[in-house]
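Colleague: Using this note's numbering, you'd call the opening residue of the sequence shown number 2 and step up by one each time.
Where is the CB? At the ideal position from N, CA and C, for every residue including glycine.
Before I ask anything, here is the structure I am working with.
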Amino acid sequence: MSESSESSESNVSNRSSGSSGSSGWPRRRLLGTLAAIVAAAAAYLGRATSVLRAAEAPEPSPGGAGKDFTPLELPDSAWKQLLPAASYDVLFEEATEKPFSSPLNDEKRAGTFICAACYLPLFSSKTKFDSGTGWPSFWDHLPGRLGEKTDFKLLLPRTEYHCARCTGHQGHVFDDGPEPTGLRYCNNGVALQFVPDGEPLPALRQAT
Ligand SMILES: [Zn+2]
Numbered sequence: 002m003s004e005s006s007e008s009s010e011s012n013v014s015n016r017s018s019g020s021s022g023s024s025g026w027p028r029r030r031l032l033g034t035l036a037a038i039v040a041a042a043a044a045y046l047g048r049a050t051s052v053l054r055a056a057e058a059p060e061p062s063p064g065g066a067g068k069d070f071t072p073l074e075l076p077d078s079a080w081k082q083l084l085p086a087a088s089y090d091v092l093f094e095e096a097t098e099k100p101f102s103s104p105l106n107d108e109k110r111a112g113t114f115i116c117a118a119c120y121l122p123l124f125s126s127k128t129k130f131d132s133g134t135g136w137p138s139f140w141d142h143l144p145g146r147l148g149e150k151t152d153f154k155l156l157l158p159r160t161e162y163h164c165a166r167c168t169g170h171q172g173h174v175f176d177d178g179p180e181p182t183g184l185r186y187c188n189n190g191v192a193l194q195f196v197p198d199g200e201p202l203p204a205l206r207q208a209t
C-alpha cells in the first residue's frame, strides 16, 4: 500500500489498481467524479423529460374519468382572433395578470366560473374564498375540469393548471389554502368569465 493521506477512497483505488501505486488513484477519483456528474445529469434530464411529457400530454386531474366534453384544439392564431389580448396572453402565453386588476377578484355572487376561451365550467362560487392575494382564489375546482403540469418559470417548480378542454392556462395551485382541501387555486381573472346562478351557461365554444 502506498502512503496516502486520503481516505478509504484511495484504499479502494489502490486495491483495484494493484501495484500501480499512488499514481493510479487520482485518475480513478477523476473518473468517479465524472461518473457522478454524468449520473446527476442523467437524473436531471430524466426529470426534465418527464416534465416535458406532462406538458405535451396534459392529463385531466384525478376525478376526470368520464369526461363530459370533447377537447377543443385550435391554433394559437385562432385564439388570438377570438379573445381579448389580455385574455389571450394569459391563456395561451402563460402571462400573469396584475393582482387586484380583475373584477372577478371581488365577485361574491353565487354562480359558475367558466373558461374564458372555450366556456367550460371550471369553478363553482361555493369554493371561492378571499385569499388576499388579489387574484380570484378557489379551494377546489369542478371535477375533471383542470389539467396540471409543473413549470419552472421561477426556477422553483410550481404546479400550473389549465382548462382540461382547450388547455388554456388558468393559474397555479398551492398547498396553503383553506380546509377542506388545503389547496389554493390562484386564478387569473381574465382567463375566466362569471355566470351568475339563474343565467344560462353559454354553449361550449366549438371550432368553426
Ligand atoms: Zn377552456
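(1) What is the DSSP secondary structure of S102, reduced to helix, strand or coil?
(2) Return the CA-CA distance between D141 and P104, expressed in angstroms with no decimal places.
(3) For E98, does the count of other Cβ atoms within 10 angstroms reach 16, so buried, or fall short, so exposed?
(4) Look at the Cβ atom of L73, then the Cβ atom of R166, and state whether they are nearer than 7 Å.
(5) By alpha-carbon positions, which one of Y186, V191, K109 and F101 ends up nearest to E161?
(6) Tell me the residue span of the alpha helix (DSSP H) that contains D90.
(7) Is the closest heavy atom of ligand 1 to the C-beta of L121 under 6 Å?
(8) In chain order, what residues of the same chain lie with their CB nearer than 8 Å to the CB of S132, ignoring the 5 residues before and after it?
(9) For S126 versus G135, is the C-beta distance shorter than 7 Å?
(10) Assuming the contact rule is C-beta atoms closer than 8 Å, A118 and V191 should be a hit. Round their C-beta distance to whole Å, please.
(11) Which value, in whole angstroms, describes the spacing of the CA atoms of F101 and K68?
(12) Would a C-beta distance cut-off of 7 Å place F195 and F114 closer than the cut-off?
(13) Have a look at L84 and E108 and give me their C-alpha separation to the nearest angstrom.
(14) Express the C-alpha separation of Y120 and K129 in angstroms, rounding to a whole number.
(15) For A96, which residues of its own chain have a beta-carbon under 7 Å away from its beta-carbon, when the five flanking residues on both sides are left out?
(16) Is T160 helix, strand or coil by DSSP?
(17) Using a Cβ-based criterion (distance less than 6 Å to any ligand heavy atom), does R166 qualify as near ligand 1?
(18) Can you give, in chain order, each stretch of the beta strand (DSSP E) that sits fully within the region 129 to 202 and has at least 3 residues?
Modeller: Reading from the atomic positions:
(1) If DSSP states are grouped into helix, strand and coil, S102 belongs with coil.
(2) 20 Å
(3) With 16 or more other Cβ atoms within 10 Å, it is buried.
(4) yes
(5) With distances taken between Cα atoms, E161 lies closest to Y186.
(6) A86 to E94
(7) yes
(8) S138, G178, R185 and C187
(9) no
(10) That pair is no contact at about 10 Å.
(11) Computed Cα separation, rounded: 33 Å.
(12) yes
(13) 21 Å
(14) 18 Å
(15) D90
(16) In the structure shown, T160 adopts extended strand secondary structure according to DSSP, grouped into three states.
(17) yes
(18) Here the runs fully enclosed are 147 to 155, 157 to 164, 170 to 175, 185 to 188 and 193 to 197.
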